[in-house]
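If you use this note's numbering, the sequence shown corresponds to residues 352 to 448, in order. Beta carbons are placed, not taken as given, at the ideal position from N, Cα and C, and that holds for glycine. Here is the structure we will look at, set down as structure tokens.
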Amino acid sequence: MNTPHVSTIRPGERFDFSTFRPFRDAYEAELAKEEVRTLVIDLSGVKYIDSAAIGILLSLRKKAAEVQKEVELYKPQGVVHDVLHVTNMLKLFKVTE
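Below, the structure is given as structure tokens:
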């Protein structure tokens, strides 16, 4: 879902340390856009997430707050949802279905 005020990033099936740079580059580019108010991270296709990805999400949350933007996690499922729950990430982020 991309609208003038909402931008979406899809990490891919594996969201881990190997995706750090491309994911960071993508979110930094979107946060730099003045018209973007909300960044949606589409986790619907993610099958694997590790602690590095949790750190990446926390970094994104901090950077977004610094520029008064919101971050939403879209449709985490299965193991990904479980990992986000155990790490309390579901309490830190708005989660949409």
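One Cα belongs to residue 390, the other to residue 444, and the distance between them is close to 11 Å. Of the other Cβ atoms in all chains shown, 16 or more fall within 10 Å of the Cβ of residue 427; this residue is therefore buried.
About 11 Å separates the beta carbons of residue 421 and residue 447, which is beyond the 8 Å limit, so they are not a contact pair. When C-alpha distances from residue 403 are compared across 369, 381, 358, the shortest belongs to 369. Residue 400 places its beta carbon less than 9 Å from that of residue 431.
Assigned with DSSP and collapsed to three states, residue 366 falls in strand.
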